[in-house]
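Asker:
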Amino acid sequence: LEPDGTTTKLNEPGPDLSTAEVEALLETTLERSVGADWVVGCGSLPPGAPTDLYAVLVARVRGRGGRVAIDSSGAPFTAAVAAKPHLIKPNHEELAELVDHDLPTLGHVRDAARELVAGGIEVVAVSLGGDGALLVTDGASAHARATITAPLSTVGAGDCMLAGLLHGLSAGLDPADALMTGVRWGAAAVTLPGSRVPTPDDLDGIRAELTHEPDLARALT
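Residue numbering for the sequence shown is 3 to 223, as defined by my numbering.
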């Protein structure tokens, strides 16, 4: 982190996993997730992990009655979506990749998310950077946006948004209010330097606007 706010983030690949280690990882996850509200799969896969690792995780957790949220990209994300997790959180680019066409407006994003919901995903939450986030469920959609006057770093903002969203859902909030909670957490992360994770105190002063009837013609940045 430089004095002017420039952040350099180094993402190294994970360890090279053997088939036995992948299976042990899955089994340990299942054992330790008993009673959990959510099992969450995020990020890229380590070398040696099969492309369908998240898809297998979804199938096994759902088979035990659990709920799964996935936030990934590329082939592992596509495979996971086909396995029907309860919730996915793509960003704008990842959603366009999933549906294989450009999404220039908020309306295009909503329609693409509706396609995925019609295919069996219960909740599609799309992070849109400075354009906020859109959440779509069966028969409903909501858009939330927070205004940040002094952004410092976007590193980890999507992860914080997902964590806030899942926390809201686990607390019994309806999906739209949970989205607003998630957007506030994501916005709080943007106000912090580097890759710092916000605490509840960092939410002070962070406000989000929620609407069920957003401007669908709005072009996305």
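Where a beta carbon is used, it is the ideal one built from N, C-alpha and C, also for glycine. Source: prediction; values computed, not measured.
Can you give me the start and stop residues for the alpha helix (DSSP H) that threonine 107 sits inside?
Answerer: Going by DSSP, threonine 107 is part of no alpha helix (DSSP H) at all; its letter is neither H nor E.
Asker: Quick check on the DSSP output: what are the complete beta strand (DSSP E) runs of length 3 or more inside the region 95-131, in order along the chain?
Answerer: 125-129
Asker: Could you give the residue range of the beta strand (DSSP E) that holds threonine 31?
Answerer: Premise fails: threonine 31 lies in the alpha helix (DSSP H), 21-34, not in any beta strand (DSSP E).
Asker: By the three-class DSSP mapping on this structure, what secondary structure does aspartate 2 have?
Answerer: It is not possible to answer for residue 2, since the shown part of the chain is limited to 3 through 223.
Asker: Near leucine 137, what residues of its chain come up, given a Cβ to Cβ distance below 6 Å and the 5 sequence neighbours on each side ignored?
Answerer: Excluding sequence positions up to five before and after leucine 137, its CB lies within less than 6 Å of the CB of Ala127, Ala144, Pro177, Leu181, all in the same chain and listed in chain order.
Asker: Can you find the residues in the same chain that come closer than 6 Å, C-beta to C-beta, to valine 41, ignoring five residues on each side of it along the sequence?
Answerer: Ser35, Val63, Gly68, Val70
Asker: Report buried or exposed for glycine 214, applying the criterion of at least 16 other Cβ atoms within 10 angstroms of its Cβ.
Answerer: Looking at the sequence itself, residue 214 is histidine, so the reference to glycine does not match. Exposed, since its Cβ has fewer than 16 Cβ neighbours within 10 Å.
Asker: Helix, strand or coil: which one does DSSP assign to serine 74?
Answerer: Correct three-state label for serine 74: coil.
Asker: With H, G and I counted as helix, E and B as strand and the rest as coil, what does DSSP make of leucine 12?
Answerer: coil
Asker: DSSP beta-bridge partners for histidine 145?
Answerer: Leu136, Thr213
Asker: Of all the options Asp104, Arg66, Pro106, Gly45, which has the alpha carbon lying nearest to the alpha carbon of alanine 77?
Answerer: Gly45
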